[in-house]
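Just so you know, the sequence shown maps onto residues 0 to 95 in numbering that gives the first Met the number 0.
First up is the structure itself, then whatever we jot down about it.
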Amino acid sequence: MEYAEVQVRVPKEMQIYFSDDYAVDSSDELKRNALLLYPYIYKHIISHGRAAEILGIKKLDLIDLYDQMGFPYFDMDISEVMQDIQTFHSLKRKDA
C-alpha cells in the first residue's frame, strides 16, 4: 500500500499520539486510521466499502472493527425501525 504524508493540526497535548516516537503496533495504527475516516462515513461522504479499500482491509473487517469500538453499522433509532417494519408489512399485504 502506498502512503502519503499528511499534516494534522491538533492540540499540543495530543502531539504524542501522532509523533513517530509513539510506539504503536499495526492494529493501533489501523484503529487510528479507521477513526480518522469514520466522520466521512457517518456524513455519507464515503462508504464503508471505500473506507475499507483505503485502509487495505475487507469491508466486513472494518464493520467488525467499528463494532468493537462501539460504532454501530446501522444507525437507525427505534422509530425508524418500526416505520420500516410497518412499510414491510404493508408491502407484503399488497403482494398477497
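Glycine is no exception: its CB is placed at the ideal position from the N, C-alpha and C atoms.
Item                                                                                                : Value
When Leu29, Lys11, Glu12 and Tyr16 are compared against Tyr0, the one with the closest alpha-carbon : The sequence as given places Met at residue 0; Tyr does not occur at that position. Selected option, being the one with the closest Cα: Leu29.
As assigned by DSSP and simplified to three states, the class of His43                              : coil
7 angstroms Cβ shell around Lys57 - same chain, five flanking residues per side excluded            : Ala51
Coil, strand or helix - Glu1 by DSSP                                                                : coil
Bounding residues of the alpha helix (DSSP H) (the contiguous stretch that carries Val80)           : Ile77 to Asp94
Between the CA atoms of Val9 and Met81 - distance to the nearest angstrom                           : 41 angstroms
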